[in-house]
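Student:
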Amino acid sequence: MQIAIVGGGIAGLAAAYELEKARAAGAQVDYALYEERPRLGGSLASEIVNGAVLERGPDSFLTEKPAAAELCRELGLGGELLPSNDVARKTYIVVRNRLVALPDGLMFLVPTKLIPTALTRLFGLRTKIRMGLELLHASRPSGGDESVAALVRRHFGQEAVDRLADPLLSGIYGGDAEQLSAQTVLPRLVEMETKYGSLTRGMLAAHKRMRDMAKNSTGPKREAPAIFTALRGGMCQLVDAIVARLDPASLRTGTPASAIRRVTDGGWSVEAGGATEIFNALIMAAPAWAAGELLGPVDVALGSELSGIPYSSSITLNLIYDEKKIGTLPEGFGFLVPAVEGRAMLACTFVHRKFLGRTPPGKAVFRAFLGGMNGEALLAESDEALVGTVRRELGEILGAATLSANVAPEHAQVSRWRRAMAQYAVGHKDRMERIAVRVAELQGLRLVGNAYDGIGVPDCIRLGRQAARELAGTGAKTTAATH
Ligand SMILES: Cc1cc2nc3c(=O)[nH]c(=O)nc-3n(C[C@H](O)[C@H](O)[C@H](O)COP(=O)(O)OP(=O)(O)OC[C@H]3O[C@@H](n4cnc5c(N)ncnc54)[C@H](O)[C@@H]3O)c2cc1C
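Under numbering that gives the first Met the number 0, the first residue of the sequence shown carries the number 0, and numbering increases by one thereafter.
What follows is the structure in structure tokens.
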């Protein structure tokens, strides 16, 4: 079985790794991985500068999704896994240039503790009253999809959208709460609304169930795992460890696939770098917009569904400072900036606080995240202009006493990510069903990557490995979109 993999981001690499494993176990498989860029890893790109690990793309993954840590352990990187420093976890929202801590008891956008909600400066009195009355919200039969903003607005009002849903989601998805699908992004809340009416009541019931389970469990009490897990040397450790396991002869870097066709016996031809190769199966791991262009000539409906998945662009900016030259930072991991604040920055992480040991002593690293659905124009700005904007905004938000305009960073690194993050827009689930129908007609095709069933690194790894197992005959079929 000859398999083409198009796209060498983490999804394509995870597929290639699984095929290598199958081959080592005796399966008759071979593969070629095409990657447009000269390097592998896609959005995973880290660099060590003056002893500080700087992440251009993802800095970590969610611990509760096991696929990434499992793969790291399999690759011998178990000792390199680094939990986030959750004792220092505190996140702020910028409200009129001031940092306001997220109130205690907030679970998935839902306030569950009366006193912190009543006392917070994040919301005005009207929103607080509305949050209390939300307990009386009537249940709603599960119907069609709606935006996250619409769901939150119905329960808690516009201020909760502006100060909570928008910054939390743009910090994760680089997306817009008015466009993201509640059904896909917050399925738990949609279920709770159907069952309980009130999201607060639903959350409190879920919390009670968890407490009861913990009380009744007879095993040893386990500490809650850290929310995020990183790699000590950066996410590139994962990329390097996978690439070291792959056959160099199978890797076609700097070679974009330019045309894909079906061949008469049900196989696939891939044209790339002036050559055409024939395969029995195809793992499409390029972003959906690129996949749509390549697969459109094979299946017009599939091509247009894939091209219809929106993407956002973003910019990350790492600044290294000498800690002696800046004032005391507020406690915590960093802050999120609501769109209504009208700033370029969507979020800023205090990297030296979030993951200990990845920044040399005496240095502070700020990682700013810019862009999202409204930030396309920022991509065209020069590095100098972007660094200037972030320094000015940091000074205004943290205060001149903490970060004076006269104190320059020791190092600034700007990374642009054009159309790198898929957006699960309203109707995403229905689109996935339509895609699954088309894919089922095309023997040997699998779609993997962040556009389908999870935006994060663990989801991309899970889909990539699963697709490879199915094709190599070492695993059962699962998700709809990857038939
Ligand atoms: C700035 C940023 C921060 C993020 N932070 C986090 C985080 O902290 N935690 C987390 O879990 N996730 C995070 N994510 C999301 C996560 O990193 C991505 O969803 C994931 O890495 C996507 O992997 P992928 O393989 O699907 O796609 P990509 O990494 O985009 O890889 C696709 C590859 O396909 C290649 N390609 C495109 N066209 C062709 C072609 N015609 N032929 C051959 N190759 C082609 C591209 O060059 C690219 O290398 C972040 C993403 C970004 C951009």
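Note that the Cβ used here is the ideal one computed from N, Cα and C, for glycine as well.
Computed from a predicted structure; not experimentally measured.
(1) Between which two residues does the beta strand (DSSP E) harbouring Arg542 extend?
(2) Do the CB positions of Ala31 and Glu270 come within less than 9 Å of each other?
(3) With distance defined between alpha-carbon atoms, name the residue in Ser268, Ala229 and Gln465 nearest to Ala3.
(4) Provide the residue(s) that pair with Ala420 in DSSP beta bridges, ordered along the chain.
(5) Do the stretch 151-171 and the stretch 125-139 touch if we need at least three Cβ pairs shorter than 8 Å?
(6) Output the residue ranges of the beta strand (DSSP E) runs that lie fully inside the stretch 201-263 and measure 3 residues or longer, sorted by chain position.
(7) Using a 10 Å radius around the Cβ and a threshold of 16 neighbouring Cβ atoms, would you call Asn317 buried or exposed?
(8) Determine which residues share a DSSP beta bridge with Trp267 and list them.
(9) Ala346 and Phe334: beta carbons closer than 9 Å?
(10) Are there any heavy atoms of ligand 1 lying less than 8 Å away from the beta-carbon of Val447, as far as the coordinates show?
(11) Specify, as a first and last residue, the run of the alpha helix (DSSP H) that Phe155 falls within.
(12) Return the Cβ separation of Met494 and Val5 in integer angstroms, given the expectation that the two are a contact with Cβ distance under 8 Å.
(13) Please report the straight-line C-alpha distance between Lys324 and Asp211, rounded to a whole angstrom.
(14) Enumerate, from N- to C-terminal direction, the unbroken alpha helix (DSSP H) stretches of 4 or more residues contained entirely within the stretch 91-167.
(15) Taking 8 Å as the cut-off, is the C-beta of Leu293 nearer than that to any heavy atom in ligand 1?
(16) From this set, Val297, Leu385 and Ala285, which residue's C-alpha is nearest Arg260's C-alpha?
(17) Buried or exposed for Met234, please, with buried defined as at least 16 other CB atoms from any protein chain shown within 10 angstroms of its CB.
(18) Kindly indicate which three-state DSSP category Ser180 falls into: helix, strand or coil?
(19) Where does Leu135 land, buried or exposed, given buried means 16+ other C-beta within 10 angstroms?
(20) Can you tell which of Leu237, Gln412, Leu98 and Ala148 has the C-alpha that lies nearest to the C-alpha of Ala424?
(21) Just to confirm, does Leu185 get its C-beta within under 8 Å of one of the non-hydrogen atoms of ligand 3?
(22) With a threshold of 16 other CB atoms inside 10 Å of the CB of Ala274, please say whether the residue is buried or exposed.
(23) So what does DSSP say about Arg415, is it helix, strand or coil?
(24) If you measure from the CB of Glu256, is any heavy atom of ligand 1 nearer than 8 Å?
(25) Taking DSSP as the reference, what is the three-state secondary structure of His482?
(26) So Gln27 is in the alpha helix (DSSP H); what residue range does that whole segment cover?
(27) Quick one: Cα of Pro359 to Cα of Val350, how far?
(28) For ligand 1, any of its heavy atoms closer than 8 Å to the Cβ of Val336?
(29) Assuming Leu74 is part of the beta strand (DSSP E), what are its boundary residues?
(30) Rounded to whole angstroms, what's the CA-CA distance from His410 to Val86? Just pull it up for me.
(31) Between which two residues does the beta strand (DSSP E) harbouring Met431 extend?
(32) Within 10 angstroms of its Cβ, does Leu294 collect 16 or more other Cβ (buried), or is it exposed?
(33) Assuming contact is defined by CB atoms lying nearer than 9 Å, are Ile396 and Ala421 in contact in what I supplied?
(34) Residues in its own chain within less than 7 Å of Asp161 by CB, not counting five upstream and five downstream?
(35) Compute the beta-carbon to beta-carbon distance between Ala13 and Ile460, rounded to the nearest angstrom, for a pair I have assumed lies under 8 Å.
(36) For Ala3, report the span of its alpha helix (DSSP H) as first-last.
Tutor: The relevant details are as follows:
(1) One cannot answer for residue 542 here, as it falls past the ends of the chain, which runs 0 to 482.
(2) In this structure, Glu270 does not lie closer than 9 Å to Ala31 by Cβ.
(3) Ranking the options by Cα distance to Ala3, first place goes to Ser268.
(4) With the sequence shown as reference, residue 420 is identified as Met, and Ala is not the correct amino acid for it. By DSSP's assignment, Met420 forms a beta bridge with Ser311.
(5) A contact exists between the stretch 151-171 and the stretch 125-139.
(6) Fully enclosed beta strand (DSSP E) runs of no fewer than 3 residues occupy 227-230, 250-252 and 256-261 of the stretch 201-263, in order along the chain.
(7) Asn317 should be labelled buried.
(8) BP columns for Trp267 point to Arg261 and Phe278.
(9) The Cβ atoms of Ala346 and Phe334 lie closer than 9 Å to each other.
(10) At least one heavy atom of ligand 1 is found less than 8 Å from the C-beta of Val447.
(11) Annotation for Phe155: the continuous alpha helix (DSSP H) segment containing it runs Val147 to Phe155.
(12) With the chain covering 0 to 482 only, the question about residue 494 has no answer from this structure.
(13) Answer to the nearest angstrom: the Cα atoms are 49 Å apart.
(14) Complete alpha helix (DSSP H) runs here, min 4: 113-118, 124-132 and 147-155.
(15) Remark: the shortest separation between the CB of Leu293 and any heavy atom of ligand 1 falls under 8 Å.
(16) Of the candidates Val297, Leu385 and Ala285, the one whose C-alpha sits nearest the C-alpha of Arg260 is Val297.
(17) Per the 10 Å Cβ criterion, buried.
(18) Strand.
(19) Burial check for Leu135: the Cβ neighbour count within 10 Å stays below 16, so the residue is exposed.
(20) Comparing Cα positions, the closest option is Ala148.
(21) As presented, the structure is devoid of ligand 3, carrying ligand 1 as its sole ligands.
(22) Answer is exposed; the Cβ neighbour count stays below 16.
(23) In the three-state reduction of the DSSP assignment, Arg415 falls in the strand class.
(24) Strictly speaking, residue 256 in this sequence is Ala, with Glu absent from that position. Because some heavy atom of ligand 1 lies under 8 Å away, the Cβ of Ala256 counts as near it: yes.
(25) Since pLDDT at His482 reaches only 38, below the 50 mark, its modelled position is unreliable, and no value is offered.
(26) First-last for Gln27: undefined, no H or E at that position.
(27) Rounded to whole angstroms, Pro359 and Val350 show a C-alpha spacing of 11 Å.
(28) A distance criterion of 8 Å places the beta-carbon of Val336 beyond contact range of ligand 1, judged by its closest non-hydrogen atom.
(29) Run containing Leu74: none; DSSP gives neither H nor E here.
(30) Going from the Cα of His410 to the Cα of Val86 covers about 28 Å.
(31) Element bounds for Met431: not the beta strand (DSSP E) but the alpha helix (DSSP H), His427 to Ala439.
(32) It counts as buried.
(33) In this structure, Ala421 does not lie closer than 9 Å to Ile396 by Cβ.
(34) These residues qualify, in order along the chain: Pro337 and Val339.
(35) The C-beta distance from Ala13 to Ile460 rounds to 4 Å, short enough to fall under 8 Å.
(36) Where Ala3 is concerned, there is no enclosing alpha helix (DSSP H), although the beta strand (DSSP E) it sits in stretches over Gln1 to Val5.
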